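Novice: In our numbering, the protein residues as written are 257 to 525.
Heads up, the beta-carbon is just placed ideally off N, CA and C, and yes, glycines get one too.
None of these values were measured; they are calculated from a predicted model.
This is the structure I want to talk about, given as C-alpha cells.
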C-alpha cells in the first residue's frame, strides 16, 4: 500500500470557506439497495434505521405507524425528495505523491509525521459540484478514499473500511486514518502488525470477521458514547479483544493525545 514516489500531480487551491461540508450520495436512499449512508455523521443502515432516526421512535413504534398508514409519517415522501435532489458526487481526477505544501502544513498541525503519511496516503485531486479540491487521501478496501484537508472531511465512493494485512498475529483497530497515522507517528511506521481502519463506526460489524482471525486485537477508538457502544459490542462478540485506549484517557481521540505530546516535547516538558 506504499505510494509511487515518482507520481506528480498539479497543485490546486483549497476552498477558503470553513463551513461544514456534508455529503450524502444519491444512492444512500436507493429503494433498490434498501440502504443509506450519511457521510456527515458516519452512520448508515436500512430503511428501518433511517425511519427510526428521522422520527425518533423505536422499531415497534415505526412498524406500527407504517402498518396503520399514519399520515404524519412522512418517511416515503422524504426518501422520494432525497432521490430527486441533484447528485453531489465526488469524482477523483488524479492521485499522486503527497507533496503539496498546504497539505503538509495540515499534517504538521495534526502533529503527524510527514514521511509516515506519505507512505500510506496519496495526494488527491477531485471535483465536487464542478469545483476542484486537493486533499490527503486514504484508500479503503473497495477503492474509495477518505479525504481530508484543513477545510473539509469527505469520502468518495465506494465507502468501506481499510484492512492492512502484513501477516501479523496482532491487529490494531482505529476509527479513522488520522488516528492510524498518529499511532505510527508515536510507535514508528515499520511495525510488522496488521492494521484495520474502520473509516466509520458503521463498519464495526463487518470488522468482526477480520478481528477473529487474529489472536491479539487492540482497539484505539474515540472517547465518546458512540465509540464506547461499539467497543462493548465488539468485546461481547469477541471477549479476547482489548480496549487499548487507556493511555489517551482524557483526550477525545488518539490524534488529540499526539498533538499535546508533541507540544509538550517542543516546550521541553
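1. Can you list, in chain order, the residues of its chain with a C-beta nearer than 8 Å to that of residue 491? Leave out the 5 residues immediately preceding and following it.
2. In the structure shown, what three-state DSSP assignment does residue 472 receive?
3. Taking the CB atoms as reference points, tell me whether residue 429 and residue 452 lie closer together than 8 Å.
4. In angstroms with no decimal places, state the Cα-to-Cα distance between residue 399 and residue 512.
5. So who's on the other strand from residue 378, going by DSSP bridges?
6. Given a cut-off of 8 Å on the beta-carbon distance, is the pair residue 396 and residue 418 in contact?
7. Under the assumption that residue 460 contacts residue 489 (Cβ atoms under 8 Å), give the Cβ distance between them as a whole number of angstroms.
8. Nearest to residue 384 by alpha carbon, out of 344, 406, 521?
9. Quick one: residues in its chain with C-beta nearer than 8 Å to the C-beta of residue 480, no 5 flanking neighbours on either side, listed in chain order?
10. From this set, 503, 517, 356, 366, which residue's C-alpha is nearest residue 379's C-alpha?
11. Buried or exposed: residue 371, going by 16 or more other Cβ atoms within 10 Å of its Cβ?
12. Among the residues of its own chain, which have a CB less than 6 Å from the CB of residue 394, if the five just before and after it don't count?
13. Skipping 5 residues on each side, what residues in its chain have a beta carbon closer than 7 Å to that of residue 482?
14. Please name the residue, chosen from 381, 449, 454, 405, that lies closest to residue 415 on a Cα-to-Cα basis.
15. In chain order, what residues of the same chain lie with their CB nearer than 6 Å to the CB of residue 541, ignoring the 5 residues before and after it?
16. With DSSP collapsed to three states, give me the class of residue 366.
17. Can you give me the Cβ contacts of residue 262 inside the same chain, cut-off strictly under 8 Å, excluding the 5 residues immediately before and after it?
18. Helix, strand or coil for residue 416? Go by DSSP, reduced to three states.
19. Are the Cβ atoms of residue 348 and residue 412 separated by less than 8 Å?
20. Report buried or exposed for residue 279, applying the criterion of at least 16 other Cβ atoms within 10 angstroms of its Cβ.
21. Please report how far the alpha carbon of residue 502 lies from the alpha carbon of residue 321, in whole angstroms.
22. What does the alpha-carbon distance come out to for the pair residue 362 and residue 406?
Specialist: So, from the listed chains and residues:
1. Excluding residues up to 5 positions away in sequence, 497, 499 lie with their Cβ nearer than 8 Å to the Cβ of residue 491 in the same chain.
2. Taken through DSSP and simplified to helix, strand or coil, residue 472 comes out as strand.
3. Yes, these two residues count as a Cβ contact at 8 Å.
4. Rounded to whole angstroms, residue 399 to residue 512 spans 28 Å at the Cα level.
5. Note: residue 378 sits in a beta bridge opposite 393.
6. Yes.
7. Confirmed, Cβ separation roughly 6 Å.
8. Ranking the options by Cα distance to residue 384, first place goes to 344.
9. Correct list, in chain order: 508.
10. Ranking the options by Cα distance to residue 379, first place goes to 356.
11. Residue 371 counts as exposed, since fewer than 16 other beta carbons sit within 10 angstroms of its beta carbon.
12. Taken in chain order, the residues that qualify are 377, 402, 433.
13. Cβ-Cβ distances below 7 Å link residue 482 to 457 in the same chain, with the five nearest sequence neighbours on each side left out; the list follows chain order.
14. Nearest C-alpha to residue 415 among 381, 449, 454, 405: 454.
15. Residue 541 lies beyond the range of the chain shown here (257 to 525); nothing can be said about it.
16. Residue 366 falls in the coil class under three-state DSSP.
17. Caution is warranted here: a pLDDT of 38 is assigned to residue 262, below 50, making its placement in the model unreliable, and the coordinate value is therefore given only provisionally. Taken in chain order, the residues that qualify are 353.
18. Three-state DSSP puts residue 416 in coil, outside helix and strand.
19. A contact, by the Cβ cut-off of 8 Å.
20. Because the pLDDT at residue 279 is just 41, under 50, the model does not fix this residue reliably, and the point stays unresolved.
21. Spanning the two alpha carbons is a distance of roughly 44 Å.
22. Spanning the two alpha carbons is a distance of roughly 6 Å.
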